[in-house]
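Structure first, commentary second.
Protein chains: 2
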Amino acid sequence: MTQRGNDSASGRRARGRTTLRQVAGRAGVSEITVSRVMRGSPLVAPALAGRVRRVAAELGYVPNRLAGTLAGHASTQIAVILPALSNIVFAEVLKGLETGLEARGYHPILGISNYDAEHEADLIRSLLGWQPAGLVIATAGLTPQSRAMLTDAALPIVEIMDSDIDPIDMSVGISHRGAGAAMARHLVARGYRDIAFIGHDLSRDHRARARFAGLRAGLGRAGRALAPARLRLCPSSVALGCDMTRQILARHRPQVICFANDDMAIGGVFACIGAGLAIPRDIAVTGFNRLDIGQAMPAPLTTIDTRRHEIGRLAARHLIARLEGDDPPSHSDVGFVVIPGATS
Amino acid sequence: MTQRGNDSASGRRARGRTTLRQVAGRAGVSEITVSRVMRGSPLVAPALAGRVRRVAAELGYVPNRLAGTLAGHASTQIAVILPALSNIVFAEVLKGLETGLEARGYHPILGISNYDAEHEADLIRSLLGWQPAGLVIATAGLTPQSRAMLTDAALPIVEIMDSDIDPIDMSVGISHRGAGAAMARHLVARGYRDIAFIGHDLSRDHRARARFAGLRAGLGRAGRALAPARLRLCPSSVALGCDMTRQILARHRPQVICFANDDMAIGGVFACIGAGLAIPRDIAVTGFNRLDIGQAMPAPLTTIDTRRHEIGRLAARHLIARLEGDDPPSHSDVGFVVIPGATS
DNA sequence: GCACGGAATGACAGCGCTGTCAATGATCGC
DNA sequence: GCGATCATTGACAGCGCTGTCATTCCGTGC
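In structure tokens form, the structure reads like this:
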């Protein structure tokens with residue numbers, strides 16, 4: 177652990193990483209042969225391949241994927257752009273994606289748009305600069321510019337979460353508008369009339385907005401009205417759901433409160449319990465997403481399963497299929513599932 | 177769609193992306209000048225720079241970062257390896273990291289080890305192949321091989337979450353053993369004697385194991401014993417906490433149950449409520465991590481804030497500092513905070 | 001009017017690897 | 001025994017960009 181030349185005081189930058197050439201020199205073969213061995217080509221005689229592998233291991237050789245990709249036109253990086261990570265939903269989608277990609281040797285490069293379409297455009301530009309083999313995106317609302325970049329880039333793209341779209345290339349998701357409508361049918365079937373809605377900042381989250389629109393339209397078709405929605409211009413959270421529920425209860429007790437998602441709904445349940453109300457006898461509550469925690473509550477939450485794990489899995493699968501020359505469907509609706517629960 | 181090579185039916189691979197040369201040709205300047213303009217070099221005359229920028233925009237030119245990095249030795253990718261993403265804790269750390277990195281033009285390449293040290297080693301190897309500028313890792317238990325690769329790689333490395341380690345390069349975290357001991361002091365101060373512990377698979381999660389060891393040791397020092405721990409060899413979850421709590425309650429009611437983390441503790445709270453027990457009168461409950469949801473419950477959970485957001489932020493900050501030639505501390509303990517709550 | 005210094009631009013080599021095709025032996029059929 | 005064939009191996013030219021000089025063109029001061 178002495179000088180070695182690298183480890184330049186502050187930088188600790190790696191100059192002097194072992195290269196193909198060094199392995200080749202030490203093994204007494206040409207660079208291309210080492211390259212073939214490292215990529216498992218059957219063109220190299222087994223004995224030679226063994227020797228080369230031994231030398232490579234000895235030298236701790238790690239192939240430079242940058243150079244390899246530049247020369248060979250075959251990146252194994254996949255750009256992944258999500259609107260947030262504070263909500264467990266996207267973390268689970270990302271988990272599903274990472275697992276599916278990693279299993280086939282692909283690596284995600286991550287960007288978080290914060291539900292900001294402009295920032296999303298910047299992310300698209302900079303991630304495309306890495307020449308990824310493909311791109312998976314849960315849109316924050318593609319700008320025309322973003323759309324143009326993606327179209328021009330001509331690489332496999334999966335737009336995830338929403339199936340009510342006309343995808344640039346492929347889509348995997350559910351119908352959020354349909355999910356809202358399904359919740360409306362559920363509420364109508366249960367006979368509720370005085371229905372309130374609590375949500376976070378829907379102006380940025382267009383999928384939550386679609387659910388809300390579907391809910392309102394569905395209720396309208398059944399002749400029920402939705403009380404004016406209560407929205408707070410901040411990200412969704414348990415605490416927010418709790419707080420806003422208390423506010424509503426302070427002036428009026430609706431028959432049911434629909435929350436924009438499970439996080440908020442769980443906060444709502446806590447607020448109702450705190451107010452001494454029995455659920456669903458005194459007041460009903462519904463959420464969206466089917467978080468595990470909502471189902472573990474003493475009274476499992478009425479909600480809609482968005483099958484996000486399946487979305488991540490399928491997105492990875494379709495992307496890889498396309499990369500391997502297959503022709504996966506350009507439009508996949510994984511279908512949501514209404515979970516009746518015990519809170520409505 | 178004639179020859180052009182690109183958009184080959186299935187592949188949709190981009191051959192024919194605009195290159196520096198094309199921009200240079202169209203603008204009537206040399207490649208290097210375009211390169212300078214794209215990187216904002218002051219060496220180019222403003223008028224010329226403007227013209228070049230216009231041409232680049234017209235052609236939708238996106239610099240190829242692979243080539244740039246290969247030629248210039250300055251990647252802006254940062255390898256990030258985490259043990260899981262199912263738990264919101266790591267998702268939040270990742271969010272903090274991404275934000276900090278993105279703001280300075282760096283992009284995370286993600287790997288999830290699933291608490292598997294062997295897989296972690298594979299991830300390290302393959303991510304290092306991208307010649308990242310730095311690496312952030314929440315260890316799943318570095319194998320000697322992993323350690324060697326990281327040492328040899330000679331790039332800035334931040335080991336996050338745990339501060340009770342001798343870092344390869346830098347560390348940012350808290351003392352998990354200390355946190356366990358702090359919880360022990362809290363319990364002793366409250367006068368509890370009959371203390372149970374419920375956890376998930378600690379064999380793989382060495383930080384949870386350290387907390388447990390700290391708790392047990394702390395209680396031991398105070399002359400209290402911990403009932404034999406109940407562990408289930410599966411990942412932690414709300415449902416698991418709920419289930420295991422029911423099992424314990426079926427045969428005996430301890431004064432307090434310590435859970436390996438908040439998720440499990442929340443499940444425990446639900447189980448106790450379901451069993452008609454009042455918290456903390458009939459039974460106390462403690463968690464770990466200080467999840468928002470635990471604090472939003474009618475009785476805020478007694479827990480320990482692990483300051484994970486701060487960990488992510490600081491890890492990004494120190495990494496970037498190092499990359500920019502500064503000399504950040506090699507060892508940062510962000511400190512945990514005991515949150516007394518109302519469940520103990 | 002002229003050498004000089006600085007600003008602006010370019011030529012060139014090469015980062016580490018892979019695609020392509022050529023070269024080398026070894027093997028084979030007749 | 002000899003050309004054809006196959007299995008191996010290598011030479012070479014780039015992928016698209018940037019570091020490092022070299023070059024050109026001014027305005028300056030004397």
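Residue numbers (the numbering used here), protein chains in the order written: chain A, 177 to 520; chain B, 177 to 520.
In this text, a Cβ means the ideal position worked out from N, Cα and C, and glycines have one as well.
Please list, in chain order, the chain B residues whose beta carbon lies closer than 8 Å to that of residue i.
| i | result |
| --- | --- |
| Met440 of chain A | Residues of chain B passing the Cβ test: none, with the nearest at roughly 10 Å. |
By DSSP, does residue i sit in helix, in strand, or in coil?
| i | result |
| --- | --- |
| His249 of chain A | coil |
| Asp298 of chain A | helix |
| Val502 of chain B | The question names Val, yet the displayed sequence has Asp at residue 502 of chain B. In the structure shown, Asp502 of chain B sits in coil (DSSP, three-state: anything other than H, G, I, E or B). |
| Gly443 of chain B | helix |
| Glu207 of chain B | helix |
| Cys448 of chain B | helix |
| Asp328 of chain A | helix |
| Leu391 of chain B | helix |
| Thr178 of chain A | For Thr178 of chain A, the predicted model reports a pLDDT of 30, less than 50, meaning its position is unreliable; a value from the coordinates is still stated below. Residue state, collapsed to three classes: coil. |
| His352 of chain A | helix |
| Thr421 of chain B | helix |
| His507 of chain A | strand |
| Met359 of chain B | helix |
| Arg189 of chain A | A caution first: Arg189 of chain A carries a pLDDT of 43, below 50, which makes its placement in the model unreliable, though a value can still be read off. Three-state result, Arg189 of chain A: coil. |
| Pro320 of chain A | helix |
Taking residue i as the reference, which of the options has the closest Cα?
| i | options | result |
| --- | --- | --- |
| Ser262 of chain B | B:Ala447, B:Cys410, B:Pro474 | B:Cys410 |
| Arg193 of chain A | A:Arg229, A:Arg227, A:Met214, A:Val238 | A:Val238 |
| Leu277 of chain A | B:Glu278, B:Leu277, B:His283, B:Ile288 | B:Ile288 |
| Gly317 of chain A | A:Glu296, A:Ala415, A:Met420, A:His352 | A:Glu296 |
| Leu477 of chain B | B:Pro222, B:Gly444, B:Ala389 | B:Gly444 |
| Asn465 of chain B | B:Ile442, B:Ala398, B:Pro343 | B:Ile442 |
| Thr479 of chain B | B:Thr319, B:Met325, B:Ala360 | B:Ala360 |
| Asp439 of chain B | A:Ile449, A:Gly470, A:Val510 | A:Gly470 |
| Ser251 of chain A | A:Gln307, A:Arg230, A:Asn240 | A:Gln307 |
| Leu219 of chain A | A:Arg227, A:Gly226, A:Thr209 | A:Thr209 |
| Ala357 of chain B | B:Leu395, B:His376, B:Ala324 | B:Leu395 |
| Ala329 of chain B | B:Leu303, B:Ile350, B:Gly354, B:Thr315 | B:Leu303 |
| Gly354 of chain A | A:Gly501, A:Glu294, A:Asp481 | A:Asp481 |
| Ile257 of chain B | B:Ile424, B:Asn437, B:Cys434, B:Ser322 | B:Ser322 |
| Ile333 of chain B | B:Pro505, B:Val461, B:Cys434 | B:Pro505 |
| Phe373 of chain B | B:Ser508, B:Met420, B:His362 | B:Met420 |
Can you pull the chain A residues whose beta carbon is under 9 Å from the beta carbon of residue i, in chain order?
| i | result |
| --- | --- |
| Asp338 of chain B | Within chain A, no residue comes near Asp338 of chain B; the closest Cβ sits about 21 Å away, beyond 9 Å. |
Taking residue i and residue j to be in contact with their CB atoms under 8 Å, please state how far apart those CB atoms are, rounded to whole angstroms.
| i | j | result |
| --- | --- | --- |
| Gly488 of chain A | Gly272 of chain A | 2 Å |
| Leu391 of chain A | Leu402 of chain A | 7 Å |
| Pro474 of chain B | Phe446 of chain A | 6 Å |
| Ile313 of chain B | Glu335 of chain B | 6 Å |
So that I know if they touch, is there some Cβ in chain A lying closer than 8 Å to that of residue i?
| i | result |
| --- | --- |
| Cys418 of chain B | yes |
| Gly216 of chain B | no |
| Gly305 of chain B | yes |
| Leu425 of chain B | no |
| Ser413 of chain B | yes |
| Val205 of chain B | no |
| Ala267 of chain B | yes |
| Ile257 of chain B | no |
| Ile374 of chain B | no |
Residue i versus chain A: which residues are under 7 Å apart at the beta carbon?
| i | result |
| --- | --- |
| Val312 of chain B | By Cβ distance, chain A contributes nothing, its closest Cβ being about 12 Å from Val312 of chain B, past 7 Å. |
| Val513 of chain B | Residues of chain A passing the Cβ test: none, with the nearest at roughly 18 Å. |
| Ile446 of chain B | A quick correction: the sequence has Phe, not Ile, at residue 446 of chain B. Near Phe446 of chain B (Cβ distances below 7 Å), the residues of chain A are Ala472, Met473, Pro474. |
| Glu486 of chain B | Under the 7 Å cutoff, chain A gives no residues; its nearest Cβ is about 15 Å from Glu486 of chain B. |
| Ser322 of chain B | Neighbours of Ser322 of chain B on chain A: none; closest Cβ ~12 Å, over 7 Å. |
| Gly443 of chain B | Ala472 |
Just the chain B side, please: which residues come within less than 7 Å of residue i by C-beta, in chain order?
| i | result |
| --- | --- |
| Asp458 of chain A | By Cβ distance, chain B contributes nothing, its closest Cβ being about 16 Å from Asp458 of chain A, past 7 Å. |
| Thr245 of chain A | Leu242 |
Could you name the residues of chain B that residue i contacts, counting a contact when the two beta carbons are closer than 9 Å?
| i | result |
| --- | --- |
| Gly248 of chain A | Residues of chain B passing the Cβ test: none, with the nearest at roughly 11 Å. |
Against residue i, what residues of chain A qualify as contacts under a CB-to-CB distance less than 8 Å, listed in chain order?
| i | result |
| --- | --- |
| Pro476 of chain B | Those do not exist, as Pro476 of chain B stays about 10 Å from chain A at its closest Cβ, beyond 8 Å. |
| His283 of chain B | Ile285, Leu286, Gly287, Ser302, Leu303, Trp306 |
| Leu261 of chain B | Ala267, Glu268, Leu270, Lys271, Glu274 |
| Gln253 of chain B | Ile285, Trp306 |
Measuring only between beta-carbons, confirm whether residue i sits less than 8 Å from chain B.
| i | result |
| --- | --- |
| Ile455 of chain A | no |
| Val238 of chain A | yes |
| Gln198 of chain A | no |
| Ile449 of chain A | yes |
| Gly187 of chain A | A caution first: Gly187 of chain A carries a pLDDT of 38, below 50, which makes its placement in the model unreliable, though a value can still be read off. So yes, Gly187 of chain A belongs to the interface. |
| Asp468 of chain A | yes |
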